[in-house]
Amino acid sequence: MKNVLGVFCNSDVSNNEELKAQLRKKNVFMVLLLIISGLAMLGLIIYESNGGEYVGDKNGWFYRGACTGIAFAAVIFLFRNLNTIKDEKKLTELRIEITDERNIAINAAAVRAALAVMFAAMFVIMLSSGFVLLDVYTALVFLFALFMVSYAAAYRRYSEKM
Amino acid sequence: MKTRISELRSERGITQIALAEALSVTRQTIISLESGRYKASLVLAHKIAQYFGMTIEEIFIFEDEENLQ
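The listed protein sequences correspond, in order, to chains S and B.
The numbering used here puts the first residue of the first sequence at 2, with every later residue one more than the last.
The numbering used here puts the first residue of the second sequence at 398, with every later residue one more than the last.
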């Protein structure tokens with residue numbers, strides 16, 4: 002599984018300098034993610050210290066886990082990107098990996114397959130438990146609608162570009 | 398679609414890694430092109446043709462349904 006390309010790791014950079022600039026932009030995003038996770042944790046602490054209660058017993062722990070996980074991933078990616086920026090050999094290897102047209106084609110096919118599985122799972126959940134749990138039904142309908150609107154908008158944008 | 402990449406590479410003593418580096422693609426892409434599992438884009442086909450100093454048609458052999466009837 003060494004060469005599995007991340008869902009959003011494709012790129013059209015043509016040299017190492019462009020890749021460096023792209024990695025720096027990604028690092029800004031990682032720092033933002035770290036700040037947001039920290040703020041969310043801070044919000045949780047304030048909420049709890051003011052006697053706030055959760056809908057379920059485990060919700061607080063899930064929330065903590067999600068925030069910690071996101072922050073941890075952001076730190077890992079941040080340092081990995083910084084290390085790559087310093088090393089020309091690593092930069093070249095990464096550039097070839099993320100711009101390789103076969104890798105990009107594999108990535109697109111894998112995303113389509115994963116999307117089909119996700120939709121099938123969402124459809125099954127909606128049919129099996131959606132009519133009992135109204136919140137689940139509403140969330141799933143919203144996600145389907147969001148996907149359709151985003152797809153239509155993106156399709157139109159790319160149609161104009163190509 | 399078949400390709401003559403493997404044949405041309407052998408004739409000229411070029412390794413898959415050297416060709417991959419020259420074209421800025423992964424070695425796996427060269428392997429897939431040679432085995433016919435992956436079809437190169439027009440840009441990559443052009444780069445390969447330039448690398449060997451030949452035309453695209455001399456390297457990539459298009460089969461029946463890929464040609465105009």
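Virtual Cβ for every residue (Gly too), placed ideally from N, Cα, C.
Computed from a prediction, not measured in an experiment: that's the story for all the values here.
Give the DSSP-derived three-state secondary structure of residue i in the structure shown.
i: Met-2 of chain S; result: Bear in mind that a pLDDT of 49 at Met-2 of chain S, under 50, signals an unreliable position, so the number given afterwards is only what the model happens to contain. Coil.
i: Ile-456 of chain B; result: helix
i: Thr-85 of chain S; result: helix
i: Lys-399 of chain B; result: strand
i: Glu-19 of chain S; result: helix
i: Arg-434 of chain B; result: coil
i: Thr-412 of chain B; result: coil
i: Asn-51 of chain S; result: coil
i: Cys-10 of chain S; result: coil
i: Val-29 of chain S; result: helix
i: Lys-90 of chain S; result: helix
i: Ser-421 of chain B; result: coil
i: Phe-132 of chain S; result: coil
What does the alpha-carbon distance come out to for the pair residue i and residue j?
i: Arg-103 of chain S; j: Ser-50 of chain S; result: 53 angstroms
i: Asn-11 of chain S; j: Ala-110 of chain S; result: 13 angstroms
i: Leu-20 of chain S; j: Ala-41 of chain S; result: 31 angstroms
i: Arg-434 of chain B; j: Lys-399 of chain B; result: 9 angstroms
i: Ile-105 of chain S; j: Val-14 of chain S; result: 13 angstroms
i: Tyr-64 of chain S; j: Tyr-48 of chain S; result: 12 angstroms
i: Arg-401 of chain B; j: Gln-447 of chain B; result: 14 angstroms
i: Glu-454 of chain B; j: Val-142 of chain S; result: 51 angstroms
i: Phe-449 of chain B; j: Ala-442 of chain B; result: 11 angstroms
i: Ala-121 of chain S; j: Glu-54 of chain S; result: 34 angstroms
i: Thr-452 of chain B; j: Thr-423 of chain B; result: 22 angstroms
i: Glu-462 of chain B; j: Lys-436 of chain B; result: 14 angstroms
Using the beta-carbon of each residue, which ones in chain B are nearer than 7 angstroms to residue i?
i: Asp-101 of chain S; result: Val-422, Thr-423 and Thr-426
Note down, in chain order, every chain S residue with its Cβ under 7 angstroms from the Cβ of residue i.
i: Leu-416 of chain B; result: Going along chain S, no residue has its Cβ under 7 angstroms from Leu-416 of chain B, so there is no contact; the nearest lies around 13 angstroms.
i: Leu-441 of chain B; result: Glu-102
In terms of residue numbering, what span does the alpha helix (DSSP H) encompassing residue i cover?
i: Leu-465 of chain B; result: Element bounds for Leu-465 of chain B: n/a, residue is neither H nor E.
i: Ser-160 of chain S; result: 135 to 162
i: Glu-102 of chain S; result: 102 to 129
i: Lys-444 of chain B; result: 439 to 449
Give me the chain B residues within the contact set of residue i, using Cβ-Cβ distance strictly less than 9 angstroms, ordered along the chain.
i: Glu-19 of chain S; result: Those within 9 angstroms of Glu-19 of chain S in chain B number zero; the least Cβ separation is about 13 angstroms.
i: Ile-97 of chain S; result: Ala-417, Glu-418, Ser-421, Val-422 and Thr-423
i: Asn-11 of chain S; result: Per Cβ cutoff of 9 angstroms: no residues; Asn-11 of chain S is ~14 angstroms from chain B at best.
Interface residues of chain S around residue i at Cβ under 9 angstroms?
i: Tyr-448 of chain B; result: Per Cβ cutoff of 9 angstroms: no residues; Tyr-448 of chain B is ~15 angstroms from chain S at best.
i: Ser-429 of chain B; result: Arg-103
For residue i, go through chain S and note every residue whose CB falls closer than 8 angstroms to its CB, in chain order.
i: Ser-438 of chain B; result: Glu-102
Notebook entry, point to check: How about the region 153 to 163 of chain S and the region 400 to 417 of chain B: do they share at least three Cβ pairs that are nearer than 8 angstroms?
Noted result: The region 400 to 417 of chain B and the region 153 to 163 of chain S do not touch, with fewer than three beta-carbon pairs separated by less than 8 angstroms.
Check: Any chance the region 62 to 78 of chain S sits against the region 26 to 41 of chain S, with 3 or more Cβ pairs inside 8 angstroms?
Finding: Three or more Cβ pairs drawn from the region 62 to 78 of chain S and the region 26 to 41 of chain S lie within less than 8 angstroms of each other, which places the two stretches in contact.
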